[in-house]
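Residue numbers (our numbering): 20 to 174. Beta carbons are placed, not taken as given, at the ideal position from N, Cα and C, and that holds for glycine.
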């Protein structure tokens, strides 16, 4: 939805990635739709047993309540883990799934950290230097493979 150029590129890349990985993916381009139409589509996708995951590309147009839309997605099908139930489960370390982008970044950092530890042995345990990429800046905690990791934020 909308005209955000970065979102359009991101959606095109997701479509290509689905094909590359052999996933069945469906993109719904809903230009100029109402909030009710979007919520109705999400309701149908939630009920469809052939659909495993739902991802709504943000940002949404101003006339659509983003929170209402994200809460409408079934927590079991919420690929981004934006549903409040999934955010809570993530914070206690017991999510249905991990959101792909932060998890991918954390996994990459974890592998780099392990490589650095093997080669230099001087990287401080449980401390990662990242930008503000994860949602819990108050607790400065993320999770990698269900293990809490303290984050140090560079300004």
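message: Mapping the DSSP letters down to three states, classify residue 131 as helix, strand or coil.
response: Here the question's residue 131 lines up with position 112 in the chain shown. Of the three classes helix, strand and coil, the one that applies to residue 131 here is helix, per DSSP.
- request: Name, in chain order, the residues that DSSP records as bridge partners for residue 97.
  value: As a first step, residue 97 must be located in the chain shown, where it is residue number 78. Answer by DSSP bridge pairing, in chain order: 73.
- prompt: By a C-beta neighbour count over all protein chains shown, 10 Å radius and 16 as the cutoff for buried, is residue 38 buried or exposed?
  reply: Numbered from its first residue, the chain shown carries residue 38 at position 19. The residue is exposed, with fewer than 16 neighbouring Cβ atoms inside 10 Å.
- request: Assign residue 145 to one of three DSSP states: helix, strand, or coil.
  value: Along the chain shown, one-based indexing puts residue 145 at 126. Low local confidence applies: a pLDDT of 41 at residue 145 is under 50, so the model's placement there is unreliable, and no value is given.
Run of the alpha helix (DSSP H) containing residue 82, from where it starts to where it stops: Numbered from 1 along the chain shown, position 63 holds the residue referred to as residue 82. Unbroken run through residue 82: none, as it is neither H nor E.
field: Cβ-based neighbour list, residue 185, same chain, cut-off 8 Å, excluding 5 preceding and 5 following
entry: Any property of residue 185 remains undetermined from this structure, which presents the chain solely from 20 to 174.
message: Looking at the secondary structure, which residues open and close the alpha helix (DSSP H) in which residue 107 lies?
response: On the chain shown, residue 107 is found 88 positions in, with the first residue counted as 1. Run containing residue 107: 103-110, per the alpha helix (DSSP H) assignment.
query: Is the region 84-103 touching the region 115-124 in the sense that three or more CB pairs, one from each, lie closer than 8 Å?
result: yes
- prompt: Which of the three DSSP states, helix, strand or coil, is assigned to residue 114?
  reply: On the chain shown, position 95 is the one that residue 114 refers to. If DSSP states are grouped into helix, strand and coil, residue 114 belongs with coil.
Residue closest to residue 30, alpha-carbon to alpha-carbon, out of 105, 74, 83: The residue labelled residue 30 in the question sits at position 11 within the chain shown. Considering only alpha carbons, the answer is 74.
query: To the nearest whole angstrom, what separates the beta carbons of residue 57 and residue 83, a pair I think is in contact under 8 Å?
result: Locating residue 57 in the chain shown gives position 38, where the first residue counts as 1. Locating residue 83 in the chain shown gives position 64, where the first residue counts as 1. Sure, about 6 Å apart at Cβ, within 8 Å.
- request: Give the DSSP-derived three-state secondary structure of residue 92 in the structure shown.
  value: Your numbering for residue 92 matches position 73 in the chain shown. It is coil, neither helix nor strand.
message: DSSP three-state label for residue 47, please.
response: Residue 47 sits at position 28 when you count from the first residue of the chain shown. Three-state result, residue 47: coil.
- prompt: Looking at the structure shown, is residue 61 part of a helix, part of a strand, or coil, going by DSSP?
  reply: Within the chain shown, the letter at position 42 stands for residue 61. In this structure, residue 61 counts as helix in the three-state DSSP scheme.
field: DSSP three-state assignment for residue 37, whether helix, strand or coil
entry: Here residue 37 refers to the residue found at position 18 of the chain shown. Three-state DSSP puts residue 37 in a helix.
message: Helix, strand or coil for residue 53? Go by DSSP, reduced to three states.
response: Within the chain shown, numbered from 1, the residue matching residue 53 stands at position 34. In this structure, residue 53 counts as coil in the three-state DSSP scheme.
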